[in-house]
Amino acid sequence: MRVKICGITKPEQSVAIANLGATALGFICVPSSPRYVTNLQIQQVVQALKGMPVDLIGVFASTTTEIICQAVEVGGLTGVQLHGGESLEFCDRLGQQLPEGVEILKAIRVKAATDLEQARDYRTVVDTLLLDAYHPGLLGGTGQTLDWNLLREFNPGCPWLLAGGLTPENIQEAIAQVKPPGIDLSSGVERSPGDKDLAKVAELFFKLKLSVNCLSERA
Ligand SMILES: O=C(O)c1ccccc1N[C@@H]1O[C@H](COP(=O)(O)O)[C@@H](O)[C@H]1O
């Protein structure tokens with residue numbers, strides 16, 4: 219299963235989290251976020267990782283293609299997550315401007331079943347969808363879960379990640395109910411915004427192992 223840990227700010231924590239089993243690390247490139255990191259900070263984290271096999275995803279919201287492309291180049295990102303109100307046309311244009319092979323993830327903040335129909339529309343212009351909880355005042359990192367019942371039949375025909383309020387405590391229930399191909403956690407594994415709690419990350423991977431064993435026993 220793909221496991222993305224988002225809101226990374228510290229080089230030493232990034233290495234520890236990759237060693238624990240994360241397949242992707244996320245960097246918040248949204249200036250209003252308490253987890254914001256500059257392109258140079260991302261570069262320092264990426265250097266500490268020394269080519270470890272982990273995807274490096276920059277998170278952006280309603281910004282320009284130029285700012286995103288610059289972060290990819292300077293930070294050494296392998297993917298970009300669009301967490302604002304980016305249109306289909308914007309995603310398509312960004313795909314033409316990014317270097318070949320850079321992954322585009324589109325986050326959809328889910329309030330109702332109709333948002334899932336909108337999510338499906340993006341599959342032709344992005345590589346991966348990410349479903350997060352809707353919050354009226356915050357873009358992301360809210361610690362709120364979305365209604366997992368809405369996702370029982372969700373099958374967009376492209377890779378996708380479940381996000382929003384996931385924690386070591388609720389991850390087994392989320393996986394059992396939703397069976398997502400990947401997950402994304404931020405505030406559920408941190409001490410304070412941008413400061414990850416390595417004990418919680420270790421607990422997460424322990425719980426994931428139990429879930430995988432449990433699902434394969436049932437199959
Ligand atoms: O984390 C932030 O501060 C943030 C700011 C702006 C856009 C997205 C942000 N984070 C994303 O939120 C989801 C879920 O976070 P949580 O697990 O509920 O805390 C995650 O995809 C982050 O990439």
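In the numbering used here, the protein residues as written are 219 to 437.
Glycine residues also receive a C-beta, built at the ideal position from the N, C-alpha and C atoms.
Here the structure is a predicted model, which is why all the values come from computation and not from measurement.
Scanning the stretch 255-280 for uninterrupted alpha helix (DSSP H) segments of 4 residues or longer gives 257-267, listed from N- to C-terminal end. The closest heavy atom of ligand 1 lies less than 7 Å from the beta carbon of Asp350. Restricted to the stretch 379-410, the alpha helix (DSSP H) segments that are unbroken, complete and at least 4 residues in length are 389-396, listed in chain order.
The three-state secondary structure of Ala240, taken from DSSP, is coil. Within the same chain, Ser280 come within 7 Å of Gly303 by CB-CB distance, once the 5 residues on both sides are set aside. Within the same chain, Cβ atoms closer than 7 Å to the Cβ of Ser251 are found at Gly359, the five residues on either side in sequence being excluded.
A direct Cα-to-Cα measurement between Ala337 and Ile401 gives close to 17 Å. Judged by their CB atoms, Gly355 and Thr227 are not nearer to each other than the 8 Å cut-off. Counting along the chain, Val221 sits inside the beta strand (DSSP E) bounded by residues 220-224.
Relative to ligand 1, even the nearest heavy atom lies 7 Å or more away from the CB of Gly294. Ranked by Cα distance from Ala420, the options Phe372, Gly225, Leu238 are led by Leu238. Within the stretch 328-375, the runs of alpha helix (DSSP H) that reach at least 4 residues and sit entirely inside it are, in chain order, 331-339. Rounded to whole angstroms, the separation of the alpha carbons of Gly269 and Ile235 is 14 Å. Set against 7 Å, the gap from the CB of Ser404 to the closest heavy atom of ligand 1 is smaller.
Between Cys287 and Leu316, the C-beta spacing is below 8 Å.
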